[in-house]
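In my numbering, the protein residues as written are 2 to 517. Quick reminder that beta carbons are idealized off the backbone N, C-alpha and C, glycines included. Worksheet: the structure to be examined is printed underneath.
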Ligand SMILES: OC[C@H]1O[C@](O)(CO)[C@@H](O)[C@@H]1O
């Protein structure tokens, strides 16, 4: 088995340190890249809706009222796109994904991560067909709901798959391949929109139809990849789990890691109701963090920019093409900065990236808000230099987000839950992301209309809150094997350790119960 690096990391579940031998094999990297195309589907969708909703042909067909308003000079730019139906087009996908993530947590547990990914691609493909052929609003929205099922299933299965496959030493990097593909998806979508906006009257159909490409890649690719050893062992296929572990680690010497996985799955098997178990005190730290990190990710205001960048730039007085082009630029910054995260997250750790980015995003949001407040009062356009300054600040904001809250919102929840609550706990992370993505998608244009430039100060205030959250409540998880998090992270943390005490009592009760 080919490998391109040799690594050992410490393992051992009760404080004793056992060495894991693990090569980083090409096979593991290939599986990770294929699985991460789930992120491409999600990202393409995020990027495509903003552009499509600013295309005249699309508006004329499905939202004629908005079309008329867009071209009336008297309407304030801030309110042109304020239409609940239009926002529902963007946000219905996320509503569906909230529900889907809970179903997906069950399929992940029962049928595995791989099958859940395949289901995701099938939902997505059917949704794409409906969207591309849409002749009326219901068809469009039903298509979006199916896409939402696809996204919910993929976002649940893919990051878990990546964290479980990864050798500890590069767990952060491999997991971030998911978010990297999200950003690539957004970027490709921005470029597609830039070209299709000139194809009248069917350019929007092409934009929506091309979403089928990543879904097809995920479907075909998932036939080639393996299930994770964790999931195999969890489903009583221990022998196969052992073989897969040997294959992905590139060595036969996997006994220590295998034993840890078997132990984790034995503990997990005693838990009959993972969702009920999540309510226990000792699971609270992971759950609170998984939810908050996703809520905060959305309250950075990222999707105000991702969904509505073209609309936002038009609000600032950019012409149609200039605003689509600016969205392409921010999309590129998003991809490149996520690569920074891939190479630095396992070196500098999670907290450093999150905190640095908070400073950067706070400055950018405040400056954007300041410029808009100062210049967009009387006229509907920014001067040239101010327009450039806004685009630069949007890039500063996006880059900070892209090497921190974007990827780590998925990474941290996927690496902190013990196996017995992992899929259930992770479903809360996914659904919180979807819920708050939905809220921002649904509310942003109305908020922009009401609060005008104040909306940027609103997001800036949240960034202050999330900085405090990281400083005081978020422990570092870099380089720690997932099944040792409880010992080495939660029980050591100044605040969260009080939640873990009960764990000991319960464990000993449980052990006595099994011994009796
Ligand atoms: O890259 C930006 C994108 O990343 C996400 O936060 C997902 O992690 C999306 O909500 C956002 O649109």
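Residue i, buried or exposed, once every other Cβ within 10 Å from all chains shown has been counted against 16
| i | result |
| --- | --- |
| residue 484 | buried |
| residue 439 | buried |
| residue 414 | buried |
| residue 451 | exposed |
| residue 212 | buried |
| residue 5 | With a pLDDT of 46 at residue 5, under the threshold of 50, the modelled position of this residue cannot be trusted, and the question is left open. |
| residue 428 | buried |
| residue 365 | buried |
| residue 498 | exposed |
| residue 460 | buried |
| residue 493 | exposed |
| residue 347 | buried |
| residue 453 | buried |
| residue 300 | buried |
| residue 114 | buried |
| residue 482 | buried |
| residue 251 | buried |
| residue 240 | exposed |
| residue 67 | buried |
| residue 511 | Summary for residue 511: the model assigns pLDDT 48, below 50, so the residue's position carries little reliability, and this model does not support an answer. |
| residue 275 | buried |
| residue 220 | buried |
| residue 344 | exposed |
Backbone secondary structure at residue i - three-state DSSP
| i | result |
| --- | --- |
| residue 416 | helix |
| residue 226 | coil |
| residue 73 | coil |
| residue 287 | helix |
| residue 478 | coil |
| residue 15 | Low confidence applies here, because residue 15 scores a pLDDT of 44, under 50, leaving its location unreliable; read the following figure in that light. DSSP places residue 15 in coil when its eight states are reduced to three. |
| residue 198 | coil |
| residue 428 | helix |
| residue 271 | coil |
| residue 486 | helix |
| residue 501 | helix |
| residue 216 | helix |
| residue 108 | helix |
| residue 511 | Below a pLDDT of 50, predicted positions are generally treated as unreliable, and residue 511, at 48, falls in that range; no measurement from the model is reported. |
| residue 496 | coil |
| residue 254 | coil |
| residue 236 | coil |
| residue 434 | helix |
| residue 168 | coil |
| residue 339 | helix |
| residue 301 | coil |
Beta-carbon gap between residue i and residue j smaller than 9 Å
| i | j | result |
| --- | --- | --- |
| residue 158 | residue 121 | yes |
| residue 149 | residue 351 | no |
| residue 108 | residue 279 | no |
| residue 313 | residue 324 | yes |
| residue 193 | residue 39 | no |
| residue 464 | residue 226 | no |
| residue 446 | residue 87 | yes |
| residue 287 | residue 431 | no |
| residue 183 | residue 151 | no |
| residue 411 | residue 160 | yes |
| residue 26 | residue 303 | no |
| residue 245 | residue 256 | no |
| residue 209 | residue 144 | yes |
| residue 416 | residue 478 | yes |
| residue 363 | residue 391 | no |
| residue 164 | residue 181 | no |
| residue 231 | residue 207 | no |
| residue 357 | residue 401 | yes |
| residue 177 | residue 433 | no |
| residue 467 | residue 95 | no |
| residue 293 | residue 457 | no |
| residue 90 | residue 50 | yes |
| residue 284 | residue 455 | no |
Residue from the options whose Cα sits closest to the Cα of residue i
| i | options | result |
| --- | --- | --- |
| residue 396 | 430, 96, 329, 31 | 329 |
| residue 291 | 195, 500, 409 | 409 |
| residue 43 | 139, 474, 129 | 129 |
| residue 191 | 369, 48, 375, 181 | 48 |
| residue 353 | 404, 331, 367, 387 | 404 |
| residue 387 | 368, 179, 399 | 368 |
| residue 140 | 196, 63, 102, 110 | 63 |
| residue 60 | 327, 203, 306 | 203 |
| residue 218 | 289, 32, 270 | 32 |
| residue 117 | 243, 496, 424, 444 | 424 |
| residue 214 | 46, 418, 134 | 46 |
| residue 156 | 85, 100, 127, 135 | 100 |
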